[in-house]
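*Asks:* Following this message is one structure expressed as structure tokens.
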Amino acid sequence: MWNVTSLMGKEPELVCEGPTLTYGHELWVMTERTRSRVQAAKMSSAIREELGVEPLLLRVERNQMRWLGHPVRMPPGRLPGEVFRACPSGRRPPGRPRTRWRNYVSRLVWERLGIPPG
Numbered sequence: 006m007w008n009v010t011s012l013m014g015k016e017p018e019l020v021c022e023g024p025t026l027t028y029g030h031e032l033w034v035m036t037e038r039t040r041s042r043v044q045a046a047k048m049s050s051a052i053r054e055e056l057g058v059e060p061l062l063l064r065v066e067r068n069q070m071r072w073l074g075h076p077v078r079m080p081p082g083r084l085p086g087e088v089f090r091a092c093p094s095g096r097r098p099p100g101r102p103r104t105r106w107r108n109y110v111s112r113l114v115w116e117r118l119g120i121p122p123g
């Protein structure tokens, strides 16, 4: 955390965008609730420009797409890659199904890079 009083000349603002806020973010499913929580933690644009820090949501999404490359590139036989490519069978609990990470990241790649899911 940094105290950035000197940057703005106003009341002190604490900046905490490092690992504390984004721990494990590569595997988050970015629901509206999660997105609003991340946006609530963002700092003002003037401080961001002064420090040269990219927007937190952009960083989370970019790292999620980068992490996706690891299991995709894994050769057959590696357990993490096999788990990623597996299609579970069986019944799901009743009610609206939770968004799976795989579905979320497929939609993210489609929206950001234009690569269709498949």
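Just so we're aligned, residue 6 is where the sequence shown starts under my numbering, counting upward by one. Note that CB positions come from ideal geometry on N, CA and C, so glycine has one too.
Measure from the alpha carbon of arginine 117 to the alpha carbon of each residue in Leu26, Gly57, Arg64, Val58, then state which is nearest.
*Replies:* Along the sequence shown, read from residue 1 onward, the residue named residue 117 stands at position 112. Of Leu26, Gly57, Arg64, Val58, the residue nearest in Cα terms is Arg64.
*Asks:* Would you give the residue range spanned by the alpha helix (DSSP H) that methionine 70 belongs to?
*Replies:* Taking the first residue of the sequence shown as 1, we reach residue 70 at position 65. 61 to 78 is the span of the alpha helix (DSSP H), which, as asked, contains methionine 70.
*Asks:* DSSP on valine 34, reduced to helix/strand/coil?
*Replies:* Numbered from its first residue, the sequence shown carries residue 34 at position 29. Coil, per DSSP.
*Asks:* Take every Cβ of the segment 106 to 122, pair it with every Cβ of the segment 63 to 80, and state whether three or more of those distances are shorter than 8 Å.
*Replies:* Yes: at least three Cβ pairs fall under 8 Å.
*Asks:* DSSP three-state label for valine 88, please.
*Replies:* For this step, residue 88 is matched to residue 83 along the sequence shown. Reduced to three states, the DSSP call for valine 88 is helix.
*Asks:* Pick helix, strand or coil for serine 94, following the three-state DSSP scheme.
*Replies:* Here the question's residue 94 lines up with position 89 in the sequence shown. In the structure shown, serine 94 sits in coil (DSSP, three-state: anything other than H, G, I, E or B).
*Asks:* What residue does the alpha helix (DSSP H) around valine 58 start on, and which one ends it?
*Replies:* Locating residue 58 in the sequence shown gives position 53, counting from the first residue. Per DSSP, valine 58 belongs to no alpha helix (DSSP H) and is neither H nor E.
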